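Protein chains in written order, with this note's numbering: chain X, 10 to 427; chain A, 10 to 427.
Think of the CB as a built atom: it goes at the ideal place given N, C-alpha and C, for glycine as much as any other residue.
Keep in mind it's a predicted model, so treat the numbers as computed, not measured.
Protein chains: 2
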Amino acid sequence: MATTLNNALSTQERLFRARDAASRTAQLSTAEKNSLLENMAQAIESEQKSILSANQADLDESGIEGALRDRLLLTPQRIAEMAQMLLDVAKLADPVGEILKEWTRPNGLRIRKVRVPMGVIGIIYESRPNVTVDTVALAIKTGNAIVLRGGKEAAHSNRRLVEILSSVPGVPQGAIELLDSSTRASVQELIQARGFIDVLIPRGGQPLIDFVIENATVPVIETGAGNCHIFVDESADLDMADAIVINAKTQRPSVCNAAEKLLVHQRIAAAYLPRIVKKLLESGVEVRGDEQARALAGSEKVCPAEAKDWPEEYLRLCMAIKVVPGLDGAIAHINQYSTKHSEAIVTSDEAHARQFMRLVDSAAVLWNASTRFVDGGEFGFGAEIGISNQKLHCRGPFVLEELTSTKYEITGTGQVRG
Amino acid sequence: MATTLNNALSTQERLFRARDAASRTAQLSTAEKNSLLENMAQAIESEQKSILSANQADLDESGIEGALRDRLLLTPQRIAEMAQMLLDVAKLADPVGEILKEWTRPNGLRIRKVRVPMGVIGIIYESRPNVTVDTVALAIKTGNAIVLRGGKEAAHSNRRLVEILSSVPGVPQGAIELLDSSTRASVQELIQARGFIDVLIPRGGQPLIDFVIENATVPVIETGAGNCHIFVDESADLDMADAIVINAKTQRPSVCNAAEKLLVHQRIAAAYLPRIVKKLLESGVEVRGDEQARALAGSEKVCPAEAKDWPEEYLRLCMAIKVVPGLDGAIAHINQYSTKHSEAIVTSDEAHARQFMRLVDSAAVLWNASTRFVDGGEFGFGAEIGISNQKLHCRGPFVLEELTSTKYEITGTGQVRG
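What follows is the structure in structure tokens.
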């Protein structure tokens, strides 16, 4: 671990190095990339002490407390998990080189569409240092160079991690570049680096994402908020509905695929609301409701839901309930207020389920399953970068394949166009 | 044709109408969409007179001359071509509804990834009124709503065309919205209409594209410039090289897939340059060359190529020639100066061809074929919107499929996450 980062480089110089490195990372074979990932895992494990010490410096300097401190904190176990993640990514199939289509034209031209690396990935993220290792792993696996701009509260941890990862023998110089996090200037340069960054990923809260979208001139993939809904239809199996609602709301309330809103068909509202409200309250959930839901809830603990509740992503143990006149009303409400992430219907009526899945305009639609399943890992894709709510390039779990682009290779025998 | 456009609507109101229409266009069946396209073709044919009269008003008011006038001009034949294009698009396969993947997870969840409409397409374009009909055809075929912002010089033609197309019975209200082209304000509103526009396509010159990229907050697909190269390798069949160079340069010099630069291996430069330079000059091409090329060209008519020539897209009968030391030098020059559109190698050496196709970082790479084949129609895809040089979402011919997004449909039996 002799190499250390050259801290004197400017953002512009780092962008040049990454652009230049991309042509070399693109040529690494699958075996070479997997071997780099395995050696990175080993380096992370054997440098546990220096990583913890850098992390301690971050914790001391930032002075943050509570949940934010927990996001920043590294432990021997979390470091072991980072190393394991590198090994897991090494085991995934390599999407680069896949032939997506191949055909011959009547004039004899042979055309194939092949998967190639994206080039240079940019990422702007907030406190959690494991994001550094996650994104380096995914970028290297897909033959890309990566430019990282982490949060300033994690500066020491991120620098140490990047020193370790980029010092692994065989990693092309410039393939992993970490930008200065002490000022906003590097963010501004990164998001406007046309020709240097092929895709930029903002990972963090809505203010960060909004800032990037408003100011970026490079292509951006927005991984977004989840104001997810569950609609309990007239014909729902109510035990199943209970299990899905409680799981989607409480199993991990701080994540984007947790449910935030419950819509109940008016014909079963009187029967269903008292039982689900009771269970939610017992699970520690703050329950809000529209007028009808409150009237039928059978509990004085249900607060009034206000207009601002319907578009809100709580990310905590809070759920708002609305009684809807039926399937169409549920679909209309969802399409108006959801963030287009994941929405579920609980029903025994297949026609209703099909209509819900067809008409709800979200990245994922579920029938009789918890919204918590909308996740790269749960889909069987391995590591994910986030869930995209946008429709361009990637919608839903943003995984390895989406860090690639394509190229057309055309082979002829001297054909010219008539 | 009783309906006329409501000209009193603001940009904001048109965006709302389009957003609202998208949920209805998305539900049209393939048969319904094809029938709309066929009826649009018929309406365009039968309204030939009113279209020509609107076009005459544009020609009179704009007072433009020459090539620009020709771009704006409609004739009975061009109107017939528009109608034919609508019929051609009706015959293409409908990408919407295609199941891209389908699998079952160990927990029994059934997941499928299906192709769905994008939602609302925005397009900003310059003079040619046929773009109005082309993009409406592609948008309707893929179940999208479309918001058009054409050039002010074509305002009458575009308005008449949109009146005709949107008056076809069955076209959802708001599915085809034309914005006011008299001021820049509608452009500004369109490119920042987050939540209303799912993808924005700027079609026009570099200044328009740059303005959109610099200022847009909605996702953009850049269809771009083509500074395309041909590399004639040491082992090239020189007759084949002649045919490809002349075709790629002269068959239609004003388009993005025309070749602009010729790189010649130094070992064959003395033999090849005089013959190709002679042919280029005979074809009316202005030839420029680096020092070595000029020395070997055997003609005094070859002007010196300057530094600014190498990145330039001429879009006319002009070609700059450079002698390169070999394959690596050709690849390095291309990756430095090309706009990453289409590049060709002429060689009899398969290993060289493979290396060129692997290492040149462009949307399309060709071996022994003219760059002019890089085109949606020539690939067999039907109508195209342009060629994308960006790596996100769509690279190369931008066709029907790229006007769609995907959705995950997940079917369970009450699964919750453990």
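query                                                                                                                                                                                  : result
Might you give, ordered along the chain, the residues of its own chain that have their beta carbon closer than 6 Å to the beta carbon of A:Trp376, omitting 5 neighbours on each side? : Ile354, Ala362
Mind listing the chain X neighbours of A:Gly389? Cutoff is C-beta to C-beta under 9 Å, in chain order.                                                                                 : Trp112, Arg114, Pro115, Ile120
With a cut-off of 8 Å on the beta carbons, I'd call X:Asp67 and X:Glu135 a contact; round off their distance for me.                                                                   : That belief does not hold up - the Cβ atoms of X:Asp67 and X:Glu135 are roughly 13 Å apart, past 8 Å.
Closer than 9 Å between beta carbons: that is the criterion. Which residues of the segment 14-34 of chain X meet it against chain B?                                                   : Structure shown: chain B not included; protein chains present are X and A.
Thinking just about the alpha-carbon of each residue, which of A:Gln57, A:Ile255, A:Gly152, A:Ile277 is nearest to the one in A:Glu172?                                                : A:Gln57
If we define contact as Cβ-Cβ less than 8 Å, is A:Glu321 a contact residue for chain X?                                                                                                : no
Look up A:Gln424 in the DSSP assignment and say whether it is helix, strand or coil.                                                                                                   : strand
With H, G and I counted as helix, E and B as strand and the rest as coil, what does DSSP make of A:Met10?                                                                              : Any reading at A:Met10 must be qualified, since the residue scores a pLDDT of 39, below 50, and its modelled position is unreliable; the value itself is stated next. Three-state result, A:Met10: coil.
So what does DSSP say about X:Gly405, is it helix, strand or coil?                                                                                                                     : strand
Write down the C-beta distance between X:Ala329 and X:Asp337 rounded to the nearest angstrom, noting that I regard them as a contact closer than 8 Å.                                  : X:Ala329 to X:Asp337, Cβ: 20 Å. No contact.
Let me see if you follow: with CB-CB separation under 8 Å, is X:Pro313 close to chain A or not?                                                                                        : no
Using a Cβ-Cβ cutoff of less than 7 Å, which residues in the same chain neighbour X:Thr348 once the five nearest sequence positions on both sides are dropped?                         : Gly233, Ala234, Gly235, Asn236, Glu322, Asn398
At which residues does the beta strand (DSSP E) containing X:Ile60 begin and terminate?                                                                                                : Counting along the chain, X:Ile60 falls outside any beta strand (DSSP E), though it belongs to the alpha helix (DSSP H) covering 57-71.
At a CB-CB cut-off below 9 Å, which residues of chain X make contact with A:Ala167?                                                                                                    : The sequence given here places Asn at residue 167 of chain A; Ala does not occur at that position. Within chain X, no residue comes near A:Asn167; the closest Cβ sits about 26 Å away, beyond 9 Å.
For X:Pro211, which residues from the same chain have a beta carbon less than 6 Å from its beta carbon, with the 5 sequence-adjacent residues on both sides left out?                  : Ile133, Leu217, Ile218, Val221
To the nearest angstrom, how far is it from the Cα of A:Ile120 to the Cα of X:Phe365?                                                                                                  : 15 Å
A:Val425 to A:Glu90, Cα distance in whole Å?                                                                                                                                           : 56 Å
Quick check: the Cα distance between A:Glu295 and A:His342, rounded to an integer number of angstroms?                                                                                 : 21 Å
What three-state label does DSSP hand A:Lys416 in the structure shown?                                                                                                                 : strand
Leaving out five residues before and five after X:Trp112 in sequence, what residues of the same chain have Cβ atoms less than 7 Å from its Cβ?                                         : Ile120
Can you give the Cα-Cα distance for A:Val140 and A:Gly213, rounded to whole angstroms?                                                                                                 : 11 Å
Taking its Cβ as the centre, do 16 or more other Cβ atoms sit within 10 Å of X:Leu83, making it buried, or is it exposed?                                                              : buried
When you check each C-beta in the segment 207-224 of chain A against every C-beta of chain X, which residues fall closer than 8 Å?                                                     : Asp207, Val208, Ile222, Glu223
With a threshold of 8 Å between beta carbons, is X:Arg404 in contact with chain A?                                                                                                     : yes
Based on Cα-Cα distance, which residue from A:Leu282, A:Val408, A:Glu418, A:Ile230 lies nearest to A:Leu147?                                                                           : A:Val408
Strictly under 8 Å for the Cβ-Cβ distance: is X:Met366 near chain A by that measure?                                                                                                   : yes
Less than 8 Å between CB atoms is the rule here; does A:Gly423 satisfy it with respect to chain X?                                                                                     : yes
Between the Cα of A:Leu170 and those of A:Asp384, A:Gln51, A:Ile206, spot the shortest distance and give me the residue it belongs to.                                                 : A:Gln51
Is the separation between the beta-carbon of X:Val180 and that of X:Leu45 shorter than 8 Å?                                                                                            : yes
Specify the secondary structure class of A:Glu172 as computed by DSSP and reduced to three states.                                                                                     : helix
Using alpha carbons as the reference points, say which of X:Gln65, X:Ile108, X:Phe205 lies closest to X:Pro138.                                                                        : X:Gln65
Of all the options A:Thr380, A:Ala257, A:Glu47, which has the alpha carbon lying nearest to the alpha carbon of A:Leu326?                                                              : A:Ala257
A:Thr12: buried (16+ other C-beta within 10 angstroms of its C-beta) or exposed?                                                                                                       : Because the pLDDT of A:Thr12 is 44, which lies under 50, any placement of that residue in the model is unreliable, and the number read from its coordinates should be weighed accordingly. A:Thr12 should be labelled exposed.
Quick one: grab the DSSP three-state call for X:Ser379.                                                                                                                                : coil
Does the beta carbon of A:Lys150 come closer than 8 Å to any beta carbon on chain X?                                                                                                   : no
Could you say which of A:Glu54, A:Ile60, A:Met127, A:Ser62 lies nearest to A:Arg28 if we only look at CA atoms?                                                                        : A:Met127
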